[in-house]
Structures are given as structure tokens and as C-alpha cells.
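Everything below concerns the one structure shown next.
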Amino acid sequence: MLVVESDPERMLELLVGLPDVNVLGVVEGRPLEVHVECRWSRPGCPECGVPAHLKDQRVVIVVDLPCFGKPTRLAWHKRRWRCPDGDCPNRSWTERDERIASVRLALTDRGGRWATVEVGRFGGSVKEVAEVLGCDWHTVHDAVLAYGEALVDHPDRFAAVQALGLDEVLFVREGPYRRQQFSTSIVDVGRGQLLDVVPGRRGAEPAAWLENKGREWLAAVEVATLDLSGTYRAVFDATVPHAARVADPFHVVKLANEKLDECRRRVQNETLGHRGRKHDPLYRSRRLLTMADERLEEHGRSKLLGLLRAGDPKGEVATAWHAKETVRELYCHDDAALALSFVDRLADDMVDPVQPVEVRSLGRTLRRWRLKIAAWHDWHVSNGPTEAMNNLIKRVKRVAFGFTNFANYRIRALLYAGRPDWSLIGSVTPR
Ligand SMILES: [Zn+2]
21 MLVVESDPER MLELLVGLPD VNVLGVVEGR PLEVHVECRW SRPGCPECGV PAHLKDQRVV
81 IVVDLPCFGK PTRLAWHKRR WRCPDGDCPN RSWTERDERI ASVRLALTDR GGRWATVEVG
141 RFGGSVKEVA EVLGCDWHTV HDAVLAYGEA LVDHPDRFAA VQALGLDEVL FVREGPYRRQ
201 QFSTSIVDVG RGQLLDVVPG RRGAEPAAWL ENKGREWLAA VEVATLDLSG TYRAVFDATV
261 PHAARVADPF HVVKLANEKL DECRRRVQNE TLGHRGRKHD PLYRSRRLLT MADERLEEHG
321 RSKLLGLLRA GDPKGEVATA WHAKETVREL YCHDDAALAL SFVDRLADDM VDPVQPVEVR
381 SLGRTLRRWR LKIAAWHDWH VSNGPTEAMN NLIKRVKRVA FGFTNFANYR IRALLYAGRP
441 DWSLIGSVTP R
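And the structure:
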């Protein structure tokens with residue numbers, strides 16, 4: 021049978037929904053003010069155990085969840101107690117109940133957990149959440165960091181990792197010259213989970229992070245994905261020497277595109293004597309060039325060929341374009357041995373002195389990384405997920421209007437892309 025509660029006091033308690041409080045009253049207005057006090061029995065002095073005396077009471081206002089759409093404040097009548105024993109060093113103290121609100125936060129406990137989900141899980145902005153609560157930005161921000169840090173540092177988040185990736189990402193532009201500050205993402209590329217972000221891209225920080233994980237954790241790593249720089253390779257050499265190395269397809273294709281772009285700009289300069297302008301055929305071709313060939317429709321393809329005929333008299337850009345498309349073809353093969361002979365033939369062709377300088381440079385890189393490039397065909401892992409992570413991080417940064425504090429940036433990025441266990445949000449202890 022349906023039980024309808026009609027006792028006014030009990031109705032209020034149910035609506036307010038906080039443990040062990042008496043609802044004293046409600047003050048109408050915007051925000052709505054709900055006055056409560058803790059139910060209590062006379063406590064003993066935490067220092068000496070003597071029954072305490074009530075000293076006074078003061079009202080502490082904390083931001084709570086909106087009540088029926090209205091921004092709401094909890095007016096908590098907090099008692100202050102004193103110890104009657106004159107010899108006790110504990111003179112007086114204020115009652116506290118972390119179930120209602122943490123003493124360090126201006127948001128109720130339930131409000132803080134809710135805000136962390138809104139911002140961290142659903143990627144909402146702190147400003148929007150603050151508007152819903154009718155409070156200032158800092159109140160929400162502090163709560164998200166306090167609950168968020170407890171969630172992202174939960175040890176279960178760092179379970180055994182089979183495929184590890186490192187990637188650099190721009191964290192912030194800082195200082196009078198807007199100097200770029202980089203960070204390194206540490207990623208479980210098998211699961212597509214951002215494990216952590218550490219400052220810098222020189223390798224010392226990710227190496228320290230990995231070493232800190234311990235021997236057993238590192239031993240479980242079977243494969244490591246690499247961009248084509250030596251820095252992260254050195255990190256893997258030092259920390260997971262047993263793991264297979266795979267050159268990440270995303271970075272290989274990216275390099276081929278960069279070389280194509282360099283070539284286009286050089287030829288542009290050599291033929292016209294200036295940097296690309298709006299009507300220059302090569303400048304107009306730049307987007308079509310970097311598009312994947314199969315995505316060019318017939319029209320785009322003939323347009324590209326026309327632009328190249330007009331702006332690329334020696335056919336160098338066309339050669340670089342062809343080289344890029346051939347590099348992409350590498351990943352159509354399924355067989356590692358086949359892929360290796362493909363890379364070798366490709367690199368041989370590219371380093372031929374008749375080739376444009378950019379294509380020769382690409383060929384030398386392919387040669388240097390040939391085994392790791394072919395190794396992809398055994399593992400099929402890619403920093404692709406890492407790049408997706410980085411896009412998420414960029415999105416988080418946009419939402420938050422850029423971060424200047426690395427610790428804040430780390431928590432926000434991990435809440436969003438680090439796959440924390442959100443079922444723990446109700447139970448973690450805020451920092
Ligand atoms: Zn005492």
C-alpha cells in the first residue's frame with residue numbers, strides 16, 4: 021500500500037534529506053534558506069573526555085543543491101562546545117559533520133559530489149554549474165578539485181596495462197611571451213584510457229611516473245607505442261625494455277603529411293618567390309593534398325591535379341603527395357613480414373637522389389624506424405586513442421578557458437578522459 025507521509029516535521033525531513041538533522045525552518049527568498057541543526061547528545065571533550073558545555077552557536081551558510089529549481093542555501097546552526105576542565109588544553113571546538121559539508125568547502129557534501137559529476141563526467145563548465153547553484157565560480161571549482169582528486173587518484177584506476185603510450189600535449193601558453201608549456205599524457209592505448217598527465221615532454225617525468233608504478237606493473241606491459249621522436253623511446257628503453265615497440269601509424273602518416281607540406285611551401289617559394297597567397301595554385305591545393313585520397317571525390321581529384329599542373333612545374337609536390345599516399349597504404353597490409361618488405365622498398369625509392377629533398381628525409385626516417393613500423397602489423401595498437409585523449413583534454417581546456425595551474429589541469433583532464441570509476445563518487449573522501 022502506498023504510504024503518504026503527512027506529518028509536517030517528517031515531511032520536511034524527507035524533503036531536506038540530510039542525515040540526523042532537525043529542520044528549524046525555511047526563509048523565503050532567492051536563494052531559499054533552509055535552517056538546520058544537528059541532532060545531538062552532549063559530547064565529551066575530544067582531548068580529556070569530560071562532558072562538554074555548550075558555549076554558543078553560529079550560523080554557517082553553505083551552498084546546497086537547488087530545491088525544486090530554486091538556488092538553495094543550507095543555514096547550518098553549528099554549536100560550539102567548550103571543555104569545563106580548566107587544565108585541559110582543549111578550550112573550545114565547533115561541531116562538524118562531513119556528511120553535511122566538509123569544513124574546507126563552501127558547498128554541501130552532496131552538492132560537491134553532484135558538481136564533480138557535472139563538470140568532470142559530463143564536461144560541463146564550472147561557470148554553468150555555478151549558475152545553476154547560484155554561487156560563485158570558486159565554490160564549484162574548489163569542490164570539483166577536492167572530490168575529483170580523490171576519484172582520479174583511486175588506486176583501482178591504475179590496473180594492469182598491456183599497451184602503453186606516451187604523447188606530448190600543449191598544456192598552456194604562459195608568461196609575457198606566451199611560451200608554450202607541454203605535458204606528457206600517459207595512456208593505456210589498449211583500453212583508450214588516460215592514466216595520467218605529467219608536466220614537461222623531456223622524458224624525466226614520465227620515466228619517474230612509470231618507475232613509481234613498480235616492477236610488477238611494468239612487467240605486465242607487453243607493447244609500447246611511439247611517436248617518431250627519440251625522447252619517449254628512451255623512456256621505454258629504461259622502464260619497459262622487454263616490451264615490443266610499435267611506431268604509431270598516426271604519427272607516421274602525420275610525418276608524411278608534414279613533409280608534403282614542407283615540399284609545397286618550398287616549391288611555392290621557388291616558383292613564385294613569395295609565401296602562399298590566396299590565389300596561388302599550390303596554396304589553394306593545401307587542403308586537398310592532406311586529405312586522404314579515397315576521400316577526394318572525382319571533382320576534388322581533378323581539381324587537385326589541375327592545381328598541381330599549374331603550380332608544380334617539376335612535379336615535386338605531386339611526388340610528395342604520392343609518397344604520403346603510399347605511406348598510408350602501408351596500413352592496408354595485414355602481414356608484418358609483407359609490411360616490412362613494403363617499408364624497405366618504399367624507403368629505398370624515397371632516398372633516391374632524384375627525389376625531392378623532403379621525400380628523401382621521409383625515406384630516411386622510415387628506414388630508421390622500419391622494424392617498429394612493421395611491428396604495428398603484429399599488434400594493431402596505436403596512439404590513435406591517445407590522440408583522442410588529447411582532443412578531450414583540449415576540449416576540457418577550452419571549457420575551462422585555459423588552465424594555469426598544472427594540478428588543476430591534471431584533475432580535470434583525468435576526470436574527463438581518465439575513466440575514473442564514477443560509482444565511487446558517492447563514497448570517496450574529498451581531499
Ligand atoms: Zn577537555
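Add 20 to a position in the sequence shown, counting from 1, and you land on the number used in this note's numbering.
Just so you know, even glycine gets a beta-carbon here, dropped at the ideal spot from N, CA and C.
Look at residue i and residue j and say whether their C-beta atoms are less than 7 angstroms apart.
i: ARG222; j: LEU246; result: no
i: LEU434; j: VAL24; result: no
i: GLY143; j: TYR429; result: no
i: VAL273; j: ARG348; result: yes
i: ALA494; j: CYS283; result: Lying before the first or after the last residue shown, residue 494 is absent from the chain, which here runs from 21 to 451.
i: ASP268; j: SER402; result: yes
i: LEU309; j: LEU280; result: yes
i: ALA180; j: ALA240; result: yes
i: ARG100; j: TRP442; result: no
i: GLY326; j: LEU302; result: no
i: PRO440; j: ARG177; result: yes
i: TRP157; j: ALA166; result: no
i: CYS108; j: GLU138; result: no
i: ARG130; j: PRO39; result: no
i: ALA126; j: THR92; result: no
i: PRO51; j: GLY154; result: yes
i: ARG432; j: GLU169; result: no
i: HIS271; j: LEU248; result: yes
i: VAL80; j: LYS98; result: yes
i: LEU214; j: GLY446; result: no
Which one of the options has the shortest CA to CA distance from residue i?
i: ASP162; options: LYS90, VAL83, ALA224 and LEU186; result: VAL83
i: LEU190; options: GLY168, ILE413 and HIS174; result: ILE413
i: THR251; options: ARG439, HIS353, GLY45 and GLY185; result: GLY185
i: ALA95; options: LEU125, GLU53 and ARG130; result: GLU53
i: VAL56; options: LEU328, VAL46, PRO63 and ASP369; result: VAL46
i: PRO71; options: ALA254, CYS103 and VAL80; result: CYS103
i: CYS58; options: GLN77, ARG50, GLY49 and GLU67; result: GLN77
i: ARG380; options: GLU336, HIS97, GLY220 and GLY210; result: GLU336
i: VAL217; options: GLY446, PHE426 and CYS87; result: PHE426
i: ASN232; options: VAL260, VAL149, GLU317 and LEU248; result: VAL260
i: ALA356; options: GLN182, GLU345 and ARG390; result: ARG390
i: ARG111; options: PRO450, HIS342, HIS397 and GLY69; result: GLY69
i: ARG253; options: LYS344, PRO226 and PRO91; result: PRO226
i: GLU378; options: ASN411, ALA343, PRO28 and HIS397; result: ALA343
i: ALA276; options: ALA312, HIS294, VAL287 and GLU290; result: ALA312
i: THR291; options: LEU328, GLU318, ARG329 and PRO333; result: PRO333
i: THR128; options: SER203, GLY49, ASP208 and GLY37; result: GLY37
i: HIS353; options: ARG315, PRO373, HIS400 and PRO86; result: HIS400
Using DSSP with H/G/I as helix, E/B as strand and the rest coil, what is residue i?
i: VAL70; result: coil
i: HIS161; result: helix
i: GLN182; result: coil
i: GLY223; result: coil
i: VAL140; result: First, the residue type needs correcting, since residue 140 is Gly and not Val in the sequence shown. In the structure shown, GLY140 sits in a helix (DSSP, three-state: H, G or I).
i: THR128; result: coil
i: ASP281; result: helix
i: TRP453; result: Residue numbering for the chain in the displayed model covers 21 to 451; residue 453 lies beyond these limits and cannot be assessed.
i: TRP96; result: strand
i: ALA135; result: helix
i: LEU190; result: strand
i: ILE413; result: helix
i: LEU302; result: helix
i: HIS319; result: helix
i: TRP389; result: coil
i: PHE88; result: coil
i: LEU248; result: coil
i: ALA254; result: helix
i: VAL205; result: The sequence shown places Ser at residue 205, rather than the Val named in the question. It is a strand residue.
i: LEU214; result: strand
i: SER122; result: coil
i: HIS342; result: helix
i: SER112; result: strand
i: ASP76; result: strand
i: ALA312; result: coil
i: THR371; result: According to the sequence shown, residue 371 is Val rather than Thr. VAL371: coil per DSSP, three-state reduction.
i: ALA264; result: strand
i: LEU44; result: strand
i: GLU25; result: coil
i: HIS55; result: strand
i: ILE445; result: coil
i: ARG365; result: helix
Problem set entry | Cβ contact (3+ pairs, closer than 8 angstroms) linking the stretch 354-365 and the stretch 384-392 | yes
For this session: Name all residues in chain order for which at least one heavy atom of ligand 1 lies closer than 6 angstroms to the residue's CB.
Result: CYS65, GLU67, CYS68, VAL70, CYS103, ASP105, CYS108 and ASN110
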